[in-house]
Amino acid sequence: MTIIISLCILLLVSYLFDLSASKTKIPSVILLLLLGWIVKEITTFFVIKLPDLSSTLPILGTLGLILIVLEGSLELELNKSKIGLIKKSTLGSFLPLIVMAFTLAYLFYYYTEFDFKTCLSNAIPFCVISSAIAIPSVRNLRQSHKEFVIYESSLSDIFGVIFFNFVAFNTSFGVNTFGYFCLEILIIIIISFVATILLSFLLNKIDHHIKFVPIILLIILIYEISKIFHLPALLFIMVFGLSIGNLDELKNYRWAHQFRLDLLNKEVQKFKELIIEATFLIRALFFLLFGYLIKTSEIINPDSILWALVIVGIALVLRFLQLKISGIPIFPLLFVAPRGLITILLFLSIAPESQIHLVNKSLIIQVILLTAIIMMLGIMLTTIKRKKSIQETRKALLQQQENDLL
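Numbering of the sequence shown is given in numbering that gives the first Met the number 0, commencing with residue 0 and proceeding in unit increments.
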């Protein structure tokens with residue numbers, strides 16, 4: 000009973016964090032981590048014994064990843080006017096990830112005795128922008144900035160996981176390896192389109208009062224089965240979300256009329272609302288639990304803070320160059336490159352024998368907190384500057400009107 004009451008209170012507090020984030024500009028993830036850490040300190044102080052919850056973290060992380068990418072892809076529009084944005088966000092999520100991964104891998108290789116492949120697998124988790132933190136944090140930005148962040152962070156998650164699996168699960172990197180990798184991509188794309196058609200058909204045809212939960216369970220099932228065969232399963236999630244979220248684009252095709260698109264759109268809207276609610280719940284639980292598992296010594300560990308600053312510095316420099324080359328406004332997007340859920344999940348996926356001593360829990364926590372704080376400060380400063388600019392423009396207009404009257 001006590002655990003249930005505590006969970007309800009913590010999740011309600013998490014909801015207040017989510018509501019206040021738009022006004023305070025403080026990313027809810029920082030508050031969630033802090034709340035989880037406070038709970039840990041309280042249980043330690045009062046000698047309250049709780050079961051080991053560390054094994055629950057990867058499960059919540061996987062569910063959160065699926066729901067976050069699905070939620071993000073459902074929000075995106077696919078039409079001719081978005082082609083330029085899609086190109087920029089695709090390049091912006093892929094190239095910096097690759098460059099940063101190899102740069103960090105070289106640094107790890109130089110300062111440790113591990114081989115380059117091991118160093119690369121340890122470097123990749125730091126290179127992925129967290130859609131779990133980025134997407135909720137840009138709700139109040141301009142629509143074009145918001146769309147760019149949704150595309151970029153969702154694609155960064157997908158590319159990061161695919162790249163990590165490619166490096167971690169292959170012992171050699173010859174022509175056969177790359178050929179097999181391309182075949183995996185082709186297979187998951189075929190699976191994605193077939194599964195999307197079947198799931199859309201089910202969404203349209205199921206008349207039972209319970210219809211969305213079976214579809215969500217099927218999505219998770221397809222994702223997990225794809226992972227068993229080392230297929231890029233997140234690609235399926237994104238294709239499915241983009242497909243059912245852009246049904247209006249199919250109205251001009253006769254074959255699509257059999258899906259009764261008007262009715263299906265209403266069901267998709269209900270489905271989207273359910274996904275948004277579920278995403279909030281799983282994301283809050285994940286970061287609360289991660290905060291609970293954090294030790295104070297890991298946050299203030301002086302041995303890893305220098306590496307954390309170097310990693311964040313490299314990320315910001317690459318992001319500045321990426322935005323400059325792409326012709327995208329530097330502010331506030333320069334600061335919107337947080338690390339989070341994927342960084343944690345990939346770190347937990349590194350085999351014990353492949354972990355290097357430089358990459359530890361302290362470094363992960365410090366990089367996540369630093370990037371979240373930088374994003375918070377960047378968005379705050381940008382908002383203040385925008386308000387001042389609006390006020391100055393209004394004053395100038397009023398002054399001009401007064402001069403005209405005189």
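Built from N, CA and C at the ideal position, the CB exists for glycine as well.
Pick from the options that is closest to residue i, judged by C-alpha positions
{"i": "I383", "options": "L6, I8, K24, I3", "result": "K24"}
{"i": "E74", "options": "A20, I149, L96", "result": "I149"}
{"i": "S53", "options": "S5, T278, L216, L284", "result": "L284"}
{"i": "L140", "options": "I355, K86, M379, L368", "result": "M379"}
{"i": "A314", "options": "I224, C126, L94", "result": "C126"}
{"i": "D114", "options": "L322, I8, S171", "result": "S171"}
{"i": "V137", "options": "P337, I349, L362", "result": "P337"}
{"i": "P301", "options": "A20, N359, R318", "result": "N359"}
{"i": "H229", "options": "A104, F162, L49", "result": "F162"}
{"i": "V68", "options": "L96, N121, G244, V316", "result": "G244"}
{"i": "P351", "options": "L34, T117, F93, P50", "result": "T117"}
{"i": "H207", "options": "E266, I134, L320, V98", "result": "E266"}
{"i": "K269", "options": "I214, L64, S191", "result": "I214"}
{"i": "L406", "options": "F147, S129, L94", "result": "The structure shown does not extend to residue 406, since the chain is modelled only from 0 to 405, so the question has no answer here."}
{"i": "I128", "options": "Q400, P135, E151", "result": "E151"}
{"i": "I372", "options": "S348, Q354, L396, G339", "result": "G339"}
{"i": "H356", "options": "I209, P26, T111, L18", "result": "T111"}
{"i": "P135", "options": "K394, S19, I85, L182", "result": "S19"}
{"i": "L262", "options": "Y222, P328, I205, I221", "result": "I205"}
{"i": "I186", "options": "L333, I224, S155", "result": "I224"}
{"i": "I219", "options": "A307, I274, T176, L308", "result": "I274"}
{"i": "K39", "options": "L288, T381, V316", "result": "L288"}
{"i": "P26", "options": "P57, A133, I41, S80", "result": "A133"}
{"i": "I85", "options": "L241, F235, L347, K271", "result": "L241"}
{"i": "I236", "options": "S92, L154, T176, I3", "result": "L154"}
{"i": "S348", "options": "F192, S120, G91, G63", "result": "S120"}
{"i": "M99", "options": "M375, Q321, T1", "result": "Q321"}
{"i": "L106", "options": "A307, L217, L182, L201", "result": "A307"}
Outcome for residue i when other beta-carbon atoms lying within 10 angstroms are tallied against a minimum of 16
{"i": "E70", "result": "buried"}
{"i": "Y108", "result": "buried"}
{"i": "P231", "result": "buried"}
{"i": "K87", "result": "buried"}
{"i": "S199", "result": "buried"}
{"i": "P50", "result": "exposed"}
{"i": "T43", "result": "exposed"}
{"i": "A131", "result": "buried"}
{"i": "N164", "result": "buried"}
{"i": "I209", "result": "exposed"}
{"i": "T295", "result": "exposed"}
{"i": "A167", "result": "buried"}
{"i": "V335", "result": "buried"}
{"i": "Q390", "result": "exposed"}
{"i": "T381", "result": "buried"}
{"i": "R318", "result": "buried"}
{"i": "L396", "result": "exposed"}
{"i": "Y222", "result": "buried"}
{"i": "E272", "result": "exposed"}
Simplified DSSP assignment, three categories, for residue i
{"i": "P351", "result": "helix"}
{"i": "K271", "result": "helix"}
{"i": "E112", "result": "coil"}
{"i": "T89", "result": "helix"}
{"i": "V358", "result": "coil"}
{"i": "K210", "result": "coil"}
{"i": "I41", "result": "helix"}
{"i": "D302", "result": "helix"}
{"i": "N164", "result": "helix"}
{"i": "V309", "result": "helix"}
{"i": "G173", "result": "coil"}
{"i": "L18", "result": "helix"}
{"i": "F330", "result": "coil"}
{"i": "K48", "result": "coil"}
{"i": "I378", "result": "helix"}
{"i": "V407", "result": "Because the chain is modelled from 0 through 405, residue 407 falls outside the range shown and cannot be assessed."}
{"i": "P231", "result": "coil"}
{"i": "R318", "result": "helix"}
{"i": "I420", "result": "Residue 420 is absent from the structure shown; the chain starts at 0 and stops at 405."}
Supposed contact pair residue j and residue i - C-beta distance, whole angstroms, cut 8 Å
{"i": "V366", "j": "I299", "result": "Not really, about 14 Å apart at Cβ, beyond 8 Å."}
{"i": "L66", "j": "I281", "result": "6 Å"}
{"i": "F239", "j": "T278", "result": "The pair is not a contact, with the Cβ atoms about 15 Å apart (cut-off 8 Å)."}
{"i": "F122", "j": "L96", "result": "A small correction: the amino acid at residue 122 is Ala; Phe does not occupy that position in the sequence shown. Actually they do not touch by this definition, with Cβ atoms about 10 Å apart."}
{"i": "G60", "j": "L344", "result": "5 Å"}
{"i": "I341", "j": "G159", "result": "6 Å"}
{"i": "S303", "j": "L362", "result": "4 Å"}
{"i": "G312", "j": "L32", "result": "Rounded, the Cβ-Cβ distance is 22 Å, inconsistent with contact."}
{"i": "P331", "j": "G377", "result": "5 Å"}
{"i": "S325", "j": "L90", "result": "7 Å"}
{"i": "L233", "j": "I157", "result": "4 Å"}
Residue i CB to nearest heavy atom of the ligand ZN below 7 Å
{"i": "I349", "result": "The model on display carries no ligand, and the ligand ZN is accordingly not part of it."}
* To do: Let me know the beta strand (DSSP E) ranges lying completely inside the stretch 57-102, each 3 residues or longer, listed in chain order.
  => Annotation note: the stretch 57-102 contains no uninterrupted beta strand (DSSP E) run of length 3 or greater.
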